[in-house]
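Below: one structure, written as structure tokens.
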Amino acid sequence: MDFAPFAPTWSGDDGGLVDETAYMAGELTGECILVPLLSPEVPAITDQLEIAATLARTADASLYLTNPVRIPEQTPMEFREQVATDDDRELLDWALDQAAASTSQVDGGILYSRRIVRGVLRTIATHDVDTLVLPGNSPRDLLHRKVTEQIAAHAGCDVVVVNGRSGYDEVPSILLPIAGGPHSGLATDVAGQIAEDCDAWVDVLHVVGEDASDRRRSAAEEYVDAAYERIGRPETTTTWILEAEDTGEAIVEQSRYYPLTVIGAPTTGSLRQLIHGSTNRSVRANAQSVVLSARNAHAARPLAGD
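All residue numbers for the sequence shown refer to this note's numbering, where the first residue is 2 and numbers rise by one.
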């Protein structure tokens, strides 16, 4: 992994300075992308599939779809196939057909498990998954914890969570807010690959306070320049330093002009902030576009209880 050191900057969560030296890290690589069908909503699944298929096409990676079916404790494992309903099988077949229309290397199956989270994590290991594409919305387990959060927190691979509004289709332009943290490289790669596939314009954005120091502004320029160079499409990529009091509000306001926003996961606090961090949560809940949250697995440090 190639770390490019810069001066400290906003963390991607609360817009404040971090004490540690920030860097742009993470890289979208690999040969297998896993898509667990965790949401019952067809628009959410459609966006999840299309994002995964785009990444698979540009990386020449295979796509593996799985529809998790929970086996009740009282049901013997040898009767697991009787637990799946016709709806479960039809959903998987429909998803496989949708994916096959967009990319050639597609496979999948029903995932039988007493614990959905454990089953998906086991699938990641057994299929050598490099990237996991998850929906922002998912069911809750017996302890009322969101399944998506738990999988994202403990997955041993890179994670892309599809949030925001449904409706990923044509993408003429992408907003890429850069924080310069350990997930920013992965977010940049995701935006770059989608831009290449869709021939889209990318605006690389970094938000600074209105009273930001010269050092702070210089660091912001280094971040957006690093993302610009990494994307490698100078004719269709621009950089932008925006002055605003609130980072989340600024990104949400700008997102209305783009069909897709790609943002790195927060670098501070619990990993469940991948979906519910202050800036990340604000963008996900209020953005006027589809939002992708990218988490670099090599930078993640799960906390006890997450």
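By construction, the Cβ of each residue, glycine as well, lies at the ideal position given by its N, Cα and C atoms.
Predicted model only: the values in this text are computed from it and were never measured.
- A straight-line Cα-Cα distance of about 14 Å links threonine 30 and isoleucine 195.
- Distances from the CA of tyrosine 224 to each of Arg234, Ile242 and Gly210 were compared; the closest alpha carbon is that of Ile242.
- In the DSSP assignment, arginine 216 falls within the alpha helix (DSSP H) that extends over 215-232.
- Within the same chain, Val172 come within 6 Å of cysteine 199 by CB-CB distance, once the 5 residues on both sides are set aside.
- Under the DSSP assignment, proline 69 falls in the beta strand (DSSP E) whose first and last residues are 63-71.
- Histidine 207: member of the beta strand (DSSP E) spanning 202-209, first to last residue.
- Around the beta-carbon of serine 139, 16 or more other beta-carbon atoms lie within 10 Å, marking it buried.
- When the Cα atoms are used, alanine 154 and valine 130 turn out to be separated by approximately 15 Å.
- Across the set Ala54, Gly120 and Arg58, the C-alpha of Gly120 shows the shortest separation from the C-alpha of leucine 39.
- Beta bridge pairing from DSSP links leucine 177 with Val205.
- Between leucine 133 and serine 256, the C-beta gap is not smaller than 7 Å, which leaves the two residues out of contact.
- Distance from the Cα of aspartate 204 is smallest, within the candidate group Pro77, Ser214 and Ala188, for Ala188.
- Taken in chain order, the complete beta strand (DSSP E) segments of 3 residues or longer contained in the stretch 98-125 are 107-114.
- If the five residues before and after cysteine 158 are omitted, its C-beta is found closer than 7 Å to the C-beta atoms of Ile125, Val130, Asp131, Thr132, Leu133 and Ala298, all from its own chain and listed in chain order.
- Threonine 280 and threonine 248 do touch by the CB rule: their CB atoms are close to 5 Å apart, below 8 Å.
- Looking at the backbone, the Cα of valine 263 and that of threonine 55 are separated by about 14 Å.
- Inclusion of leucine 66 and leucine 97 in the CB contact set at 7 Å is warranted, their separation being smaller than that value.
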